[in-house]
């Protein structure tokens, strides 16, 4: 009744997991990897579909057998040369077999018995290895690159925070000078400024390395602007 529907609606609270996952760096890296590997996914999908149609057509031609109509019955059945019923009745049935074979799952519920069908099966196995290996390699490389990029971003943020903490403002300089106007701590101020310059040089080097990559997604462009603004706000005023 109504209470049963309300209980089902309460299950939607599980979707909060996706909201929490947005703050996880690992999930962000995974999402960026999937976006970056979109073309590889399309190549994988199209290659699998073409291979399934191709090998499925060959297999239904060689393995479907002969249609035999039973006496006193309106329907019949496809029988193979050994007299067993053929499971390869149509191209969709053969596409299911191609998927399990190309992905090396191999349930064993459907298998060819003719020599030509076995040859088609061997080509399907080899093509499955080739079709799956290339896109998976690209996706793995993109994931590794996105992970390294996230590590560089984290390091850049740490350096920006360090610069903000070490920044000597005009008020702090006035405070130091006012403590002892005749003998200000000029050496200390110069040391801090040198340290700031060194950190700024490292940060800008990492930033240029990060921005030198060609990035096209909107979120990555926004990230560029955020990083640049943080670095600019960390520059000490002279």
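In the UniProt record's numbering, the protein residues as written are 1 to 238. Backbone N, C-alpha and C fix where the C-beta goes; we use that ideal spot for every residue, glycine too.
Taking Cβ to Cβ, would you say residue i is nearer than 8 Å to residue j?
i           : j           : result
residue 127 : residue 102 : yes
residue 59  : residue 112 : yes
residue 86  : residue 64  : yes
residue 100 : residue 106 : yes
residue 48  : residue 131 : yes
residue 142 : residue 46  : no
residue 61  : residue 135 : no
residue 110 : residue 88  : yes
Throw me the rounded Cβ distance for the residue i and residue j pair, which I believe falls under 8 Å.
i          : j           : result
residue 67 : residue 76  : 6 Å
residue 29 : residue 147 : 6 Å
residue 33 : residue 139 : 7 Å
Since residue i is in the beta strand (DSSP E), which residue starts that stretch and which ends it?
i          : result
residue 79 : 76-79
residue 69 : 66-69
Taking the alpha helix (DSSP H) that residue i belongs to, which residues open and close that run?
i          : result
residue 13 : Here residue 13 belongs to no alpha helix (DSSP H), and DSSP marks it neither H nor E.
residue 56 : 38-63
According to DSSP, what are the bridge partners of residue i?
i          : result
residue 87 : Residue 87 pairs with nothing; no bridge assigned.
With 8 Å set as the bound, which would you pick, yes or no: does the beta-carbon of residue i sit closer than that to a beta-carbon of chain B?
i          : result
residue 48 : Annotation note: the requested chain B is absent from the structure, which comprises a single protein chain.
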